[in-house]
Amino acid sequence: MSTPCPLDTLCPMHLDLSPDGGICHVGPTMARVLDGLSWHHRPVLELIHVDRPRGLDAFSDLVQQSGRKLRLRLRADEVRLSGVLVRKPCGGAIIDCSFGIGVGEAVARYGLSGRDFAPTDLSVEFLFLQEAKSAAMSASRRLNRRLQSARILAETQAFTDTLTGLGNRRALDQALDRLTHEGRPFALMQIDLDLFKAVNDSLGHGAGDAVLQAVAERIDAIVRSGDTAARVGGDEFVLIFPGLADAARLERIAARLIAAIEEPVFHDRQACRVSASIGIACSEHCATTGIAPLEAADRALYDAKHAGRGRAAFAKGHGSLAEPAVLKEP
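In full-length UniProt numbering, the protein residues as written are 1 to 330.
In structure tokens form, the structure reads like this:
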């Protein structure tokens, strides 16, 4: 069994050179760097170029630099090294190398770790600091992602009605403020459920909650992705349609909503039946009357209820619906 070379531990990146400049041994880390290259007994200057001092093209010239700092470069992949050469008493030389400030790139390129460096090499400290920095940055990124997720969740919850999943009053106010600030036209529908109190009184609040959730799902299936649908009271909903002011389209949407909401909701095998009264207002018309769209829609909703359940009405001056749907009593 051969005796381990002490230099392999003290200088794992050394090159042991024969009197004619051939490589007769390399340290374990240098062996990893030269992996795939035929280095045994090969002239060192065929594998390594001396950048500084300049003009060292022969091994005899290189030996004259004993004790001086060398700037080296691997010819195969342009990796830069620092080195120092010392002569051996029996002839030849030892060149001890290091990566210098390029140690981080070298570690990634060759898959090195702290075990590949001498225990006293400052590169070990650098690797420790680099690993600590990487771990700290990774922990910071994880924390930032968690904080971002928590912030998004908190913001979502702050603007969401917990029972139905639609927006809440805050979401409605934000949407109205944004559209008003942008000066974009929009239509607004205020919906109030007819006979909802009767469901709550006769079948209980569980049935009432089931009705509200079903109504919210039906509303969500009808509105567009850019619209706002909010539950603003017990059985009150408000819808905002940006860019929509066509009375015929609004009439068709209202008719679809009334028809969808009239479909019975089953809770504990009991059919829960409600309908919807709808008040409609358009921002452009409200601008001429000086009445806020939400107030105008609320007045129109009162008119719809006063005329009979299960119908829709435009705010005064906005036009009128041709044949409003009327709730069929169960």
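We put the beta carbon where it would ideally sit given N, CA and C, even for glycine.
Taking Cβ positions, are residue i and residue j nearer each other than 8 Å?
i: I253; j: I222; result: yes
i: F59; j: G21; result: yes
i: L70; j: L85; result: yes
i: L34; j: V50; result: no
i: I240; j: L301; result: no
i: G243; j: R184; result: yes
i: P12; j: G27; result: yes
i: I280; j: F314; result: yes
i: D192; j: D161; result: no
i: S275; j: E263; result: no
Does DSSP classify residue i as helix, strand or coil?
i: M13; result: coil
i: G22; result: strand
i: F314; result: strand
i: I265; result: It should be noted that the sequence gives Val, not Ile, for residue 265. Of the three classes helix, strand and coil, the one that applies to V265 here is strand, per DSSP.
i: G165; result: coil
i: P119; result: coil
i: residue 353; result: Summary: the structure shown does not reach residue 353, with the chain confined to residues 1 through 330, and so no result is reported for it.
i: L257; result: helix
i: I291; result: coil
i: P330; result: In this prediction, P330 has a pLDDT of 31, which is less than 50 and means its spatial position is unreliable; what the coordinates show is noted afterwards. Coil at P330, not helix or strand.
i: residue 404; result: The displayed coordinates of the chain run from 1 to 330. Any statement about residue 404 would go beyond what the structure contains.
Use the C-beta contact count for residue i: other C-beta atoms within 10 angstroms, 16 or more gives buried, fewer gives exposed.
i: S140; result: exposed
i: M137; result: exposed
i: I125; result: For clarity, residue 125 is Glu in the given sequence; the question names Ile instead. Exposed: under 16 other Cβ atoms inside 10 Å.
i: E251; result: buried
i: P19; result: exposed
i: I101; result: exposed
i: C282; result: buried
i: S113; result: exposed
i: R146; result: exposed
i: S202; result: exposed
i: F266; result: exposed
i: S66; result: exposed
i: A158; result: exposed
Spell out the partners DSSP gives residue i in its beta bridges.
i: Q174; result: Looking at the DSSP assignment, Q174 forms no beta bridge with any residue, so it has no partner.
i: R73; result: H49 and R80
i: E236; result: D192
i: D8; result: According to DSSP, D8 bridges with nothing at all.
i: D96; result: H14 and V84
i: R231; result: F237
i: F186; result: P242
i: S275; result: D194
i: C90; result: Per DSSP, none; premise fails for C90.
i: A281; result: L188
i: R43; result: Correcting the residue type first, residue 43 is Pro in the shown sequence and not Arg. BP columns for P43 point to G22.
i: residue 333; result: No answer is possible for residue 333: it lies beyond the span of the chain, which begins at 1 and ends at 330.
Please confirm whether residue i has its beta-carbon closer than 8 Å to some beta-carbon of chain D.
i: M189; result: Protein chains in the displayed structure number just one, and chain D is not present.
Inset, instruction - Answer yes if the stretch 298-306 comes into contact with the stretch 211-229, meaning at least three C-beta pairs across the two stretches below 8 Å, and no otherwise. - result: no
Inset, instruction - Count the CB pairs spanning the stretch 162-181 and the stretch 266-278 that are closer than 8 Å, and state whether there are at least three. - result: no
Legend entry - Touch test, the stretch 205-212 against the stretch 241-251, Cβ-Cβ under 8 Å, three pairs minimum: no
Inset, instruction - Please determine if the stretch 3-15 and the stretch 91-99 are in contact, where contact requires at least 3 C-beta pairs separated by less than 8 Å. - result: Result yes; three or more Cβ-Cβ pairs closer than 8 Å.
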